[in-house]
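Visitor: Protein chains in written order, with this note's numbering: chain A, 101 to 377; chain B, 22 to 314. Note that the Cβ used here is the ideal one computed from N, Cα and C, for glycine as well. Predicted model, so just to flag it, every value in this text is computed and none were measured.
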């Protein structure tokens, strides 16, 4: 019996190692390609180990003004969406879970349910509305579109993390004469920090990587985001994969760093009510 | 006198509800209305046409092509992700050492950007310079390079594989969380009774895991219904529309042909279809029944 348990464990390790290779290989290949000189990238059979390592692909992509502009646009949009999502969802979650008697749960479920609409439902109406108010091809226009996705999920994440916090602390603060805003700021935020940070990172990452809305509503360089620019790099007659992979590495960093830091928090919060990734 | 807590509670929620109404509820209602109007792109004018957009839609080959492509796409993704996710969840449950490390690694695809998944797999699948063909040829499994995205069947499979890479972590973690609720003693007892491991899996673990499996299938299916970033970037819906899933089809009607009314109608049909399928599914396989999914 002890022996068969050890065998099962060994098999489990083998499955997980194979999975790790499956999961990590695309990234390993992306990074390898990005530091290869172009002659090695187009060699066949493939030169697995590059003869020399170069940063020329990064230099090329980082000297492309359009790419830099797109990076800046993506950064601004992601930060603004994150800020608005949190400023709206934290007080709302607090109000609904802590102050409203009885009815709060129904409204929370309603807010969560609004993420059930498939994105295709919004393609045409957003386009028409953004055009009508002059926000097509602008950063605020795209921010507005992203809020439709981030707000329900952020509210749900913050509300879920609030549920686990005992109300006694707030009651004590209330007796000491603290108002609701003061309670949110100095009691709820510090204790609910993991949930709030997770919600913030979710909003940031969603905006950073979103592609379809960005493709539909930003056709000029003025507001174009980095993922859309990647699509244009692909559309060129001769695709320079080394440069494309360098761009992919650069775009992965702002996602990888926060996730590496809060990986544990994220894992525990993620199965709670998230339909859209 | 101070406002009652309930009133101030709703007050705190008001800004969010207003923005949500403007960004979600009103556009969704507007879209429903637009489905009954015909858009004339040349004159930028709308005309009420009743249900004509729906009859136009249902008469198009492209629509029925998208229906069958989408069903195949969803079924393929759910099946592949479930098999892979279950294997990984069981393995994670069985190991003691390195579990935190493995689960962190497994989550990598889930937090990857879709566009990056698309361009990296495009590069892996490259017919002349792709590393996948190189590997298979070195291993002697194939003698000629495979054109991963060039034939209809192969392209659909290649996209499902890439999407599975991206999505199986959520299935694995959902099932792993479900496994934590299977009592260890039950499993141990059946081992002593002489039940072999596969029977144990089949008759004890899987039934107890049913609520989590139901949740995972639902998440994976809804995601697959909505996702078309891979198709639009990697194949553009081709070859021969073999990868033109419903989302991409709607995208094309709306923004290649500027047939806004028909696009709105199609999105409405998709929405109702997903809603009905989900409701029916929840009646049959209720994730809330038994352990928390």
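What would DSSP say about residue 144 of chain B, mapped onto helix, strand or coil?
Guide: Stepping through the second chain from its first residue, residue 144 of chain B is reached at position 123. Note: residue 144 of chain B maps to helix in three-state DSSP.
Visitor: Take residue 129 of chain B as the anchor and find which of B:180, B:100, B:72 and B:189 has the nearest alpha-carbon.
Guide: Locating residue 129 of chain B in the second chain gives position 108, where the first residue counts as 1. Per the Cα distances, B:189.
Visitor: For residue 234 of chain A and residue 220 of chain A, I'd like the C-alpha separation in whole angstroms.
Guide: As a working note, residue 234 of chain A is residue 134 in the first chain. As a working note, residue 220 of chain A is residue 120 in the first chain. Spanning the two alpha carbons is a distance of roughly 22 Å.
Visitor: Round the Cβ separation of residue 253 of chain A and residue 150 of chain B to the nearest angstrom and send it over; I've been treating them as touching at under 8 Å.
Guide: Within the first chain, the letter at position 153 stands for residue 253 of chain A. Within the second chain, the letter at position 129 stands for residue 150 of chain B. Between residue 150 of chain B and residue 253 of chain A the Cβ distance is about 39 Å, and since that is not below 8 Å, they are no contact.
Visitor: Considering only the alpha carbon of each residue, which of B:179, B:165, B:234 and B:175 lies closest to residue 194 of chain B?
Guide: Here residue 194 of chain B refers to the residue found at position 173 of the second chain. Selected option, being the one with the closest Cα: B:234.
Visitor: Quick check on residue 200 of chain A: buried or exposed, where buried means 16 or more other Cβ atoms within 10 Å of its Cβ?
Guide: Your numbering for residue 200 of chain A matches position 100 in the first chain. When all chains shown are included, residue 200 of chain A counts as buried.
Visitor: Could you tell me which whole alpha helix (DSSP H) segments of length 4 or greater appear in the stretch 31–76 of chain B?
Guide: If we require 4 residues or more, the alpha helix (DSSP H) runs fully inside the stretch 31–76 of chain B come out as 47–55.
Visitor: Please list, in chain order, all residues of the same chain as residue 196 of chain A whose beta carbon is under 7 Å from its beta carbon, the five residues on each side excluded.
Guide: Translated into positions along the first chain, residue 196 of chain A becomes position 96. Excluding positions up to five away in sequence, the list reads 204, 207, 208 and 259.
Visitor: Does the stretch 266–275 of chain B come close enough to the stretch 236–244 of chain A that 3 or more CB-CB pairs lie under 8 Å?
Guide: Contact between the stretch 236–244 of chain A and the stretch 266–275 of chain B is absent, because fewer than three Cβ pairs lie under 8 Å.
Visitor: Under a CB-based cut-off of 7 Å, is residue 36 of chain B close to chain A?
Guide: Stepping through the second chain from its first residue, residue 36 of chain B is reached at position 15. Yes, residue 36 of chain B counts as interfacial toward chain A.
Visitor: Any C-beta of chain B sitting closer than 7 Å to the C-beta of residue 330 of chain A?
Guide: Against the first chain, residue 330 of chain A aligns to sequence position 230. Output row for residue 330 of chain A: interface = yes.
Visitor: Between the stretch 240–259 of chain B and the stretch 61–70 of chain B, are three or more C-beta pairs nearer than 8 Å?
Guide: Contact fails: fewer than three Cβ-Cβ distances are below 8 Å.
Visitor: Within 7 Å (strictly less), CB to CB, does residue 88 of chain A reach chain B?
Guide: Outside the modelled stretch of chain A, which goes from 101 to 377, sits residue 88 of chain A, for which no answer is possible.
Visitor: Using a Cβ-Cβ distance cut-off of 7 Å, determine whether residue 119 of chain A contacts chain B.
Guide: Within the first chain, the letter at position 19 stands for residue 119 of chain A. Yes, residue 119 of chain A counts as interfacial toward chain B.
Visitor: Exposed or buried, what is residue 44 of chain B when buried is set at 16 or more other beta-carbons lying within 10 Å of its beta-carbon?
Guide: Within the second chain, residue 44 of chain B is the residue found at index 23, counting from 1. It is buried - the Cβ of residue 44 of chain B has at least 16 other Cβ atoms within 10 Å.
Visitor: Just to confirm my understanding: we take residue 404 of chain A, look at its own chain, exclude 5 residues before and 5 after, and list those with CB closer than 7 Å. What are they?
Guide: Outside the displayed range of chain A (101 to 377) lies residue 404 of chain A, so it cannot be described from this structure.
Visitor: Quick check: the stretch 256–276 of chain A against the stretch 291–311 of chain A, are there 3 or more CB pairs under 8 Å?
Guide: Counting Cβ pairs under 8 Å, three or more are found: they touch.
Visitor: Ignoring anything shorter than 4 residues, give me the alpha helix (DSSP H) runs that lie fully in the stretch 119–143 of chain A, in order along the chain.
Guide: Runs of the alpha helix (DSSP H) inside the stretch 119–143 of chain A: 138–141.
Visitor: Determine whether the beta carbon atoms of residue 17 of chain B and residue 148 of chain B lie at a separation below 7 Å.
Guide: Residue 17 of chain B cannot be examined here, being either before or after the span of chain B that is shown, 22 to 314.
Visitor: Would DSSP call residue 319 of chain A helix, strand or coil?
Guide: Counted from its first residue, the first chain places residue 319 of chain A at position 219. The answer is coil: DSSP assigns residue 319 of chain A none of H, G, I, E or B.
Visitor: From residue 242 of chain B to residue 95 of chain B, what distance separates their C-alpha atoms?
Guide: If you number the second chain from 1, residue 242 of chain B lands on position 221. If you number the second chain from 1, residue 95 of chain B lands on position 74. Spanning the two alpha carbons is a distance of roughly 6 Å.
Visitor: When the Cβ atoms of the stretch 124–142 of chain A are set against those of the stretch 343–356 of chain A, are three or more pairs found closer than 8 Å?
Guide: Enough Cβ pairs lie closer than 8 Å, so yes.
Visitor: Whole angstroms is fine: what's the gap from residue 124 of chain A's alpha carbon to residue 153 of chain B's?
Guide: By 1-based counting over the first chain, the position of residue 124 of chain A is 24. By 1-based counting over the second chain, the position of residue 153 of chain B is 132. C-alpha separation (whole angstroms): 14 Å.
Visitor: Check the Cβ-Cβ distances between residue 221 of chain A and every residue of chain B, and say whether any is below 7 Å.
Guide: What you label residue 221 of chain A is simply residue 121 of the first chain in a count that begins at 1. Yes, because at least one Cβ of chain B sits closer than 7 Å to the Cβ of residue 221 of chain A.
Visitor: Distance, Cα to Cα, residue 272 of chain A vs residue 179 of chain A?
Guide: As a position in the first chain, residue 272 of chain A is number 172, starting the count at 1. As a position in the first chain, residue 179 of chain A is number 79, starting the count at 1. Approximately 35 Å between the Cα atoms of the pair.
Visitor: Pick helix, strand or coil for residue 27 of chain B, following the three-state DSSP scheme.
Guide: As a position in the second chain, residue 27 of chain B is number 6, starting the count at 1. Here residue 27 of chain B sits in helix by DSSP.
Visitor: Please report how far the alpha carbon of residue 236 of chain A lies from the alpha carbon of residue 276 of chain B, in whole angstroms.
Guide: Working through the first chain from its first residue, we reach residue 236 of chain A at position 136. Working through the second chain from its first residue, we reach residue 276 of chain B at position 255. Distance between the alpha carbons of residue 236 of chain A and residue 276 of chain B: 14 Å.
Visitor: Determine the contact status of residue 170 of chain B and residue 251 of chain B, defining contact as a CB-CB distance below 7 Å.
Guide: On the second chain, position 149 is the one that residue 170 of chain B refers to. On the second chain, position 230 is the one that residue 251 of chain B refers to. Contact flag unset, no.
Visitor: Going by DSSP, what residue range makes up the alpha helix (DSSP H) through residue 201 of chain B?
Guide: Position 180 of the second chain, counted from the first residue, corresponds to residue 201 of chain B. Run containing residue 201 of chain B: none; DSSP gives neither H nor E here.
Visitor: Tell me which residues share the same chain as residue 283 of chain B and place their Cβ nearer than 7 Å to its Cβ, disregarding the 5 neighbours each side in the sequence.
Guide: Residue mapping note: residue 283 of chain B aligns to position 262 of the second chain, counting from 1. Within the same chain, residue 283 of chain B has close Cβ partners 74, 77, 78 and 274.
Visitor: Taking all protein chains shown into account, decide if residue 214 of chain A is buried (16 or more other Cβ within 10 angstroms of its Cβ) or exposed.
Guide: Here the question's residue 214 of chain A lines up with position 114 in the first chain. Buried, by the Cβ-count rule.
Visitor: Report back the beta-carbon spacing between residue 289 of chain B and residue 72 of chain B to the nearest angstrom; my notes put them in contact at under 8 Å.
Guide: The sequence position of residue 289 of chain B within the second chain is 268, counting from 1. The sequence position of residue 72 of chain B within the second chain is 51, counting from 1. Going by Cβ atoms, the distance from residue 289 of chain B to residue 72 of chain B rounds to 11 Å, so no, they are not a contact pair.
Visitor: Taking 7 Å as the cut-off, decide whether the C-beta atoms of residue 110 of chain B and residue 200 of chain B are in contact.
Guide: As a working mapping, residue 110 of chain B is identified with position 89 in the second chain. As a working mapping, residue 200 of chain B is identified with position 179 in the second chain. For residue 110 of chain B and residue 200 of chain B, yes; Cβs fall inside 7 Å.
Visitor: Can you tell me whether residue 288 of chain B is helix, strand or coil according to DSSP?
Guide: Walking along the second chain from the start, residue 288 of chain B turns up at place 267. Of the three classes helix, strand and coil, the one that applies to residue 288 of chain B here is helix, per DSSP.
Visitor: From this set, B:158, B:58, B:140 and B:41, which residue's C-alpha is nearest residue 285 of chain B's C-alpha?
Guide: Position 264 of the second chain, counted from the start, is the residue given in the question as residue 285 of chain B. When each option's Cα is compared against that of residue 285 of chain B, the closest is B:58.
Visitor: Between A:104, A:211 and A:306, which lies nearest to residue 132 of chain B when the distance is taken from Cα to Cα?
Guide: The count along the second chain starts at 1 and reaches residue 132 of chain B at position 111. Checking every option, the nearest Cα to that of residue 132 of chain B belongs to A:306.
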